[in-house]
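Below: the structure, in structure tokens.
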Amino acid sequence: MQTHPFSRPFDVSRLGDGNTRHEHVEATPREGDDLARFLGTVAVRRLQAEVALTRRGRQVWAEIHVRADIIQTCVVTLDNLDTALDEEFSLVFDPDVRPSGEFDEPLSLTDDDPPEPLVDETVDAGVAVGEIVALALDPWPRRPGAEIDGDFAAVESVRASPFAVLKSLKEDD
């Protein structure tokens, strides 16, 4: 199993109910390089986040504000493309959630995100930040104004009908 390239574990065992701990996390240049490989991007030039961890009973709630400057590859031109992220995200960490990723009941698309496992009273804000960045990145980045070549666009626009084979048989008659 691959370890996450950006880790910032915080011990929350002494965080009292209703109390909040504020942390600033920032990737080093080496972590940025490792994270770029992990994400499949050209480079992570800047990655920083403000994290607020609040104890609510046995759970820890995390409010995370991520800012990042990332270089991706345009899927049309293959040129480098600067991407700036500014994302806010909330996560809940719960000691009763198993780290295996298994759930007692099936999830539906209308459900809120399930809680993350809280293992050994530790919240890894770096892993959470990395996951937020991965979710926020456009999987098909495209430089503004970049257009697909006309020949490729023509092929892309042709839709195969399930009856296309029958039509071709009829034309052979």
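Here the sequence shown is numbered in my numbering, starting from 1 and rising by one per residue.
For every residue, glycine included, the Cβ atom is placed at its ideal position computed from N, Cα and C.
Sort the options by Cα distance to residue i and report the nearest one.
i, options, result
"residue 8", "87, 68, 134 and 28", "28"
"residue 90", "13, 37 and 116", "116"
"residue 10", "118, 136, 141 and 97", "118"
"residue 93", "46, 59, 16 and 124", "59"
"residue 127", "139, 73, 98 and 64", "64"
"residue 20", "97, 79 and 50", "50"
"residue 14", "55, 95 and 88", "55"
"residue 95", "3, 74 and 114", "114"
Can you give me the start and stop residues for the beta strand (DSSP E) that residue i sits inside?
i, result
"residue 43", "43 to 56"
"residue 29", "No beta strand (DSSP E) contains residue 29, which is instead part of the alpha helix (DSSP H) from 29 to 39."
"residue 91", "80 to 94"
"residue 9", "9 to 11"
"residue 180", "Not covered by the structure: residue 180. The range shown for the chain is 1 to 173."
"residue 60", "59 to 73"
"residue 25", "20 to 26"
Are residue i and residue j closer than 8 Å when you measure CB to CB?
i, j, result
"residue 57", "residue 17", "yes"
"residue 5", "residue 35", "yes"
"residue 72", "residue 137", "yes"
"residue 83", "residue 141", "yes"
"residue 12", "residue 131", "no"
"residue 174", "residue 69", "Because the chain in this structure spans residues 1 to 173, residue 174 falls outside the shown range and cannot be described."
"residue 125", "residue 23", "yes"
"residue 98", "residue 86", "no"
"residue 44", "residue 129", "no"
"residue 123", "residue 80", "no"
Next item on the list: Would you check if the segment 136 to 148 and the segment 13 to 32 touch, i.e. whether three or more CB-CB distances between them fall below 8 Å?
Entry: no
Next item on the list: Can you check the segment 114 to 149 for any beta strand (DSSP E) of at least 3 residues that lies completely inside it and give the ranges in chain order?
Entry: 122 to 124
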